[in-house]
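First up is the structure itself, then whatever we jot down about it.
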Amino acid sequence: MAEQAVSPMMQQYFEIKKQHPNEILFYRVGDFYEMFYDDALTASRELELTLTGKNCGKEERAPMCGVPFHSYETYVARLIAKGYKVAICEQMEDPALAKGLVKRDIIRVVTPGTVIESSMLAEDKNNYLCSIYCKRRRGHWRAGICFADISTGEARATELNAEKIGGAIITELCRYMPSEILICPPMLDFKDVTGYIKQHTSALVELREEACYKDALLESTMAGQFGPEWRTTLGYDEDALVPYAVAALLNYLQETQKHGLERIKTVDNYADAQYMRLSPVTRANLELTETMRGREKRGTLLWVLDKTETSMGKRLLRSWIEQPLVDAEAINARLSAVQALYTANIARADLKEALSHVFDIERLTTRILYGSATPREVKALGDTCARLPEVKTQASACGAPLLTQLADQIDPLDDLLQKITTALVDDPPATLKDGGAIRAGYNSEVDELRDIMHGGKGYLANLETKLREETGIPKLKIGFNKVFGYYIEVSRSYTDSVPDSFTRKQTLTTGERYITPELKELENKILGANERLLVLEHQLFADLLSEISAQIVRIQRTALAVAQLDVLAGFAEVALQNNYVLPVVDQSGVIEIKEGRHPVIEQMLKGTLFVPNDTLLDEGENRMLLITGPNMAGKSTYMRQNALIALMAQIGCFVPAASAHIGVVDAIFTRVGASDDLAAGQSTFMVEMTEVAEILRHASKNSLVILDEIGRGTSTFDGMSIARAVVEYICDNIGCKTLFATHYHELTSMDQDIYGVKNYNIAVKKRGEDITFLRRIVAGPADDSYGIEVAKLAGLPSSVTKRAHAVLRQLEASAPGRNQTMQLDFETVEAYNNPSVPSEVVDKLHSVDIETLTPLEALNFLYELKNVLDKD
Ligand code: ADP
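If you're matching positions, the sequence shown starts at 1 in the UniProt record's numbering and goes up one per residue.
Listed below in structure tokens is the structure:
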């Protein structure tokens, strides 16, 4: 019997599963979502669920596991995070009313890029779905790329036309870090892009078929979404590739979400040239939004600057940091707004107070549109509307043009506030399940039904009194249970007094329970009212949601303005708290910083004060600062602080300095030690050289370049030669502003030969064999590398450091003095690189420590040397 009852359901399961072979199918059965076969095996493994079996009409039971429907979100979130997609199959009718098998259907496919539930999203981060379309025309590849966050309705797109299209795509990807990427078939051949995605992101890649990019589909999708005049409205000519990417993205949403596409109202077309170029390596090195080690927010620029009050502000701040501006006018508009908020202490405090009560209306609107918002959430939208006038007033009180403009964009949405306040009670329930969300007076039928219910309860009390009087049973009670509804309960000692009109329903040890026709009639009325009331409340709430949805464009515009105000007010706050100043930003090409500090390290230092330093970089004789100094002196801190100060200024933020003049930079490049590419099997030297090559190819005159110890991964002379050649190339061919740290003292003579190079070093004080770092940058080359002293500081045993000093003395006796900077001219280097004995052999001989070699190792070493000679 049981087997027959189960089989048709499994048949239905197989039908549905056939359409979703690549997703894990969450199949609703009563209060559970069940998974079967391979899905069950995968889910039980990934979610640590108990694997059981289900009779399915076949001999073997189907492997099965399940999760309760009310907590399914957390399970789906975990699967999504592990890179799976989940198809949700619902019961489409009430099982209690269904005739035969309950109808079921897929209501949604949840994928990493299409999540809208707040429980599955990080509040301070956008969640982007990306779509890339590329095409070759006249022998040249071009691409259209689009990023959409369906939880907020944001959609941005750009056309890429770079010579190296793969690199351009990667630059965009690391600007937005999408969680899912739709690609067209030709993209499979872009190994640099696919390799990058695999290695550096956890994004899910979806290959879309060629058919998704057909012209007819493009036309119908775009016209359906944006109207028949979409090309004009969105500004695309016939040649544009972006529309194909957008249409593929919309179709994918349609396929997976079934509804909710209305959230995307427009596409914001941006030009790459609008933002400062930051390579993936640079973003990582500067630790803008996550640390290199641990990938955490603490210890990043984002962490220092985040003084926002709202989730919308947090997300916007992150995207501002990821996309600094290059237009001095736009930057100064932000800076003047921050300046106004910085000065207006009271207005800023009031603005921040009002903002602290503003909910994430951007994402709330999406859930309202999808119909999944709860009464409490809608009330939160109402509460937010109530704060908007204050936000508007305080923002315009400060006076800066940008603030006034943002205040104007805030729509106080008082009609929505009015609507929500009249429709919902002050403190609505978390769900609509038990009703109680609609305010009295909003709908006359609701009031009437509630009257019946409450009146009904009054009737019950009346009936109870009447029956007590009629029967003379003092303790007669009317009660209710789920099995047979309302009943009359009489204790054992009075059962004899019960009249015949009572029908006995249940016997208890303490007494008996009865019903009467009169009680049943009352019951129908009360229960009917309750059921009807629930249906009606659902209906009214759904109507309210769709009325709000109709105002989506107004809400979205307001949310955007609020987010910007929040970030700007946060910048003013952080400037005050951390003692930042307003930078002068222009197109002068000069970077002049007085007493600059590293924004993150100064916050992390405990017990010591950060030592500020000056910087002067220009387009003339101060183009390249060559910085020497022992390890740990503070070279990389100094170089990064300059990059971070320029970047902060260009996002519109005050900077950690006594004063700063920043000529806008179009890109920042960094080449800094340890890179995580080592794991990918590349040698340190290869990684280093690839990064240097990238910089030389892409840096322009207006870029800021940071080079930390290049040429370290190879032999000294090779390294030094490469370093010098790079410096020459940068000064002669690019002319970008460069900070170059090196421990090759030999290079410090370059300031004599190459125009634009200036020597600096980070001062240390030496007392006996101990040194103290002064952290001060001073003009001129370092006099010593203090390697042994630093090693001592690091805790190397004194016997070792003593021996090192002795060895050094010996070396100094036979070679040019350590303190007279080794005067090595580059002809000697040339000669060294082409001697009769190959340099590799010389290097190997230099590096070997004969005293520690075993005889066998010595033999092997000889063998190795001979091999090198033979090879040559
Ligand atoms: P280098 O690149 O020369 O090896 P770092 O820049 O890594 O040295 O600096 C080493 C440490 O010194 C930093 O982690 C920081 O704690 C400290 N430091 C660097 N610069 C300063 C400064 N200006 N003021 C205070 N401490 C600093």
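Glycine included, C-beta positions come from ideal geometry on N, C-alpha and C.
Being a predicted model, the structure only gives us computed values, none of them experimental.
Tell me the rounded alpha-carbon separation between residue i and residue j.
i, j, result
"residue 863", "residue 800", "31 Å"
"residue 363", "residue 481", "42 Å"
"residue 376", "residue 429", "6 Å"
"residue 453", "residue 529", "6 Å"
"residue 495", "residue 485", "21 Å"
"residue 910", "residue 759", "Any property of residue 910 remains undetermined from this structure, which presents the chain solely from 1 to 872."
"residue 824", "residue 770", "Any reading at residue 824 is ruled out, since the residue's pLDDT is 40, under 50, leaving its predicted position unreliable."
"residue 894", "residue 546", "With the chain represented from 1 up to 872, any question about residue 894 goes unanswered, as that position is not in the structure."
"residue 245", "residue 200", "23 Å"
"residue 235", "residue 684", "46 Å"
"residue 53", "residue 9", "15 Å"
"residue 514", "residue 507", "9 Å"
"residue 102", "residue 70", "20 Å"
"residue 819", "residue 323", "Because residue 819 carries a pLDDT of 42, less than 50, the predicted location of this residue cannot be relied on, and the following value inherits that uncertainty. About 46 Å."
"residue 875", "residue 38", "Residue 875 cannot be examined here, being either before or after the span of the chain that is shown, 1 to 872."
Along the alpha helix (DSSP H) that carries residue i, what are the first and last residues, could you check?
i, result
"residue 566", "552-578"
"residue 541", "517-549"
"residue 398", "Taken as a continuous stretch (DSSP letters only), residue 398 belongs to no alpha helix (DSSP H), as it is neither H nor E."
"residue 78", "72-81"
"residue 68", "From DSSP, residue 68 is part of no alpha helix (DSSP H) but of the beta strand (DSSP E) over 62-68."
Going by the CB atoms, is the gap between residue j and residue i shorter than 8 Å?
i, j, result
"residue 155", "residue 148", "yes"
"residue 134", "residue 16", "no"
"residue 463", "residue 522", "yes"
"residue 420", "residue 381", "yes"
"residue 351", "residue 575", "no"
"residue 385", "residue 414", "yes"
"residue 205", "residue 181", "yes"
"residue 731", "residue 705", "no"
"residue 300", "residue 310", "no"
"residue 26", "residue 72", "yes"
"residue 308", "residue 567", "yes"
"residue 626", "residue 742", "yes"
"residue 263", "residue 411", "no"
"residue 722", "residue 671", "no"
Following the continuous beta strand (DSSP E) through residue i, name the residue where it begins and the one where it ends.
i, result
"residue 140", "140-149"
"residue 759", "757-767"
"residue 226", "From DSSP, residue 226 is part of no beta strand (DSSP E) but of the alpha helix (DSSP H) over 215-226."
"residue 362", "Here residue 362 belongs to no beta strand (DSSP E); instead the alpha helix (DSSP H) covers 361-370."
"residue 692", "Segment 684-698 is the alpha helix (DSSP H) holding residue 692; no beta strand (DSSP E) there."
"residue 780", "Residue 780 -> no beta strand (DSSP E), and no H or E assigned at all."
"residue 492", "Counting along the chain, residue 492 falls outside any beta strand (DSSP E), and DSSP gives it neither H nor E."
"residue 183", "180-183"
"residue 36", "32-36"
"residue 659", "659-663"
Here's the rule I'm using: 16 or more other beta-carbon atoms within 10 Å means buried, otherwise exposed. How should residue i be labelled?
i, result
"residue 274", "exposed"
"residue 634", "buried"
"residue 509", "exposed"
"residue 492", "exposed"
"residue 366", "buried"
"residue 483", "exposed"
"residue 745", "buried"
"residue 345", "exposed"
"residue 724", "buried"
"residue 638", "buried"
"residue 598", "buried"
"residue 874", "Residue 874 lies beyond the stretch modelled for the chain, which goes from 1 to 872, so this question has no answer here."
"residue 761", "buried"
"residue 833", "Unreliable positioning characterises residue 833 in this predicted model, as indicated by a pLDDT of 45, which lies under 50. The coordinate reading is nonetheless provided below. Per the 10 Å Cβ criterion, exposed."
"residue 752", "exposed"
"residue 312", "buried"
"residue 242", "buried"
"residue 339", "buried"
"residue 92", "exposed"
"residue 850", "exposed"
"residue 755", "exposed"
Check each residue's C-beta against every heavy atom of ligand 1 and list, in chain order, those closer than 5 Å. Any heavy atom of ligand 1 counts here; residues with a Cβ closer than 5 Å to one of them, in chain order, are 610, 611, 631, 632, 633, 634, 635, 636, 637 and 775.
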